[in-house]
Every structure is written in C-alpha cells, then in structure tokens.
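Residue numbers (this note's numbering), protein chains in the order written: chain A, -11 to 104; chain Y, 2 to 115. Even for Gly, the Cβ is constructed at its ideal location relative to N, Cα and C. Single-structure report; data block below.
If you want it as structure tokens, here you go:
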C-alpha cells in the first residue's frame, strides 16, 4: 500500500466546474509534487512545494492552482479546465534536498481526471 | 535543465532471462541522483533503484542492478531472471542533489513472454 494517499481516484468534471484533488502523506516529507501524466507518456512536472512554499512552477496554466496548507497536505484546485487536461494526476513526496539521502519520490496511486 | 533519454519504446524478454533497459542523461549539475521507476497498468509509480553520481559502485536491489557509466552518461537498468509480473512501463529519472526537480525519460514498455 502506498503511503501517499490521493483522493478522489476518479473525477469527471465539466469545463465550467470547480473541483479539487487532494494528497496526503504522513512520512514527515517536506517536499511535495504534482505531476500530470497523459496516456503512454512520462509524468510531467507541474509544481513542487518545499517546506510548504512553492519552489517550482513549470509554467502551468492558471486554471490549475496548487495549495499546500500544511506539511502533510497538498491540494490541486481545478477551474475552467479543457478536455485536453484529461490525464492522470500524480502526487508525490520526498525528503527535501537538504535532508535527502537518496531523495526518491514516493507516489500516490493518482487521480484520473476526465474533463467533458 | 537535465535531459533524460530512453531510446527503447518497447522491449520483449523471455521469462527467466535477463534484460537491459537503456537510459542516457545530460546535465550540467555536478552532483545528481539517477532513479528507475516501474509503472504497471494500474498506474502507480514504484521506486526500484537509485544511483548517486558520486557512488563508486553500481547499485543493486534484488533482481535489479544499475549499470552506471558516468563518462558515457548512461544508467542502464538490468533486470535478471525476468518474471511475468515485470511486464510494465519503466521510467528512468534524474534529480540534481541541490534541487527538488525530478524529471523522467519517455519510458520503455517491457513485456515478459512466458
């Protein structure tokens, strides 16, 4: 069982809806990540939070809004999405670079998003 | 920014045989980590093995070993004694040790034949 929990596992939304993806970890990791993965493609980095501060934003459209309310939680707020935003959204966590031994990412099982 | 290249879109291997999945990388960072992940059809990303850029010895984890050739900037994954459950996508990834920026290669789909 993964120690990174993502909800919901599946989400279908219209282009005018507002929804959120949630991610939670209790491993004491202080770096958390959002990746987007289209079918048969690698995960693409979207955002990284380090010590609850946004450290990497890969020029993601503003219809995706990340939030890290505390060290265990990471949200991705979705608004006015397009059908091409349909994908698997993966959350991950790791020790930040200052504490990393190997620095591997621990992934959740993902939230599969369909935008109609 | 780092670049990771996996040139094998798909590979086939007979059960119980060994297979090598290729990965080359390019980076200007002096110290970095190299990772391999397995992604079954269920979608979860499973960490397999890690190699640090300053590690003198190749990493091994059970049936997985990493053939690290720093001068050639390659980090190939070797899976020994393939099992049917090894059929999955395999991603090579890289992260500068001074950053939290983890990037992935395009992936290789491995199919193990009985």
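Report buried or exposed for residue i, applying the criterion of at least 16 other Cβ atoms within 10 angstroms of its Cβ.
i                      : result
residue 75 of chain A  : buried
residue 77 of chain Y  : buried
residue 83 of chain A  : buried
residue 92 of chain A  : buried
residue 112 of chain Y : exposed
residue 82 of chain Y  : exposed
residue 24 of chain A  : buried
residue 38 of chain A  : buried
residue 3 of chain A   : exposed
residue 49 of chain Y  : buried
residue 89 of chain A  : exposed
residue 55 of chain Y  : exposed
Which residue comes first and which comes last in the beta strand (DSSP E) that contains residue i?
i                      : result
residue 29 of chain A  : Careful: residue 29 of chain A lies outside any beta strand (DSSP E) and carries neither H nor E.
residue 65 of chain A  : 61 to 67
residue 108 of chain A : The displayed coordinates of chain A run from -11 to 104. Any statement about residue 108 of chain A would go beyond what the structure contains.
residue 9 of chain A   : 6 to 13
residue 55 of chain Y  : Unbroken run through residue 55 of chain Y: none, as it is neither H nor E.
residue 92 of chain A  : No beta strand (DSSP E) contains residue 92 of chain A, which DSSP labels as neither H nor E.
residue 58 of chain A  : 52 to 58
residue 27 of chain Y  : 25 to 27
residue 33 of chain Y  : 33 to 40
residue 78 of chain Y  : 75 to 80
Can you name, in chain order, every residue of its own chain whose Cβ lies under 7 Å from the Cβ of residue i, other than the five neighbours on each side?
i                     : result
residue 64 of chain A : 8, 9, 22, 52, 54, 77
residue 13 of chain Y : 112, 114
Just to confirm my understanding: we take residue i, look at its own chain, exclude 5 residues before and 5 after, and list those with CB closer than 8 Å. What are they?
i                     : result
residue -9 of chain A : 13, 14, 15, 94
residue 75 of chain Y : 23, 24, 25, 26, 68, 69
residue 59 of chain Y : 52, 66, 67, 68, 69
Residues in the same chain with beta-carbon distance under 6 Å from residue i, minus the five sequence neighbours each way, listed in chain order, please.
i                      : result
residue 11 of chain Y  : 110
residue 100 of chain A : -2, 76
residue 44 of chain A  : 36
residue 103 of chain Y : 94, 96
How about the stretch 91 to 98 of chain A and the stretch 9 to 20 of chain A: do they share at least three Cβ pairs that are nearer than 8 Å? yes
Taking Cβ-Cβ distances below 7 Å as the criterion, which residues of the stretch 62 to 85 of chain Y are in contact with chain A? none
Between the stretch 28 to 39 of chain Y and chain A, which residues of the former have CB atoms less than 7 Å from a CB of the latter, in chain order? 34, 36
With 8 Å as the C-beta to C-beta threshold (strictly closer), list the residues of the stretch 2 to 17 of chain Y near chain A in chain order. none
Under 7 Å (Cβ pairs) to chain A, residues found in the stretch 102 to 113 of chain Y: 102, 103, 104, 105, 106, 107, 108
Listed in chain order, which residues of the stretch 26 to 37 of chain A have Cβ atoms closer than 7 Å to some Cβ of chain Y? 30, 31, 33, 36
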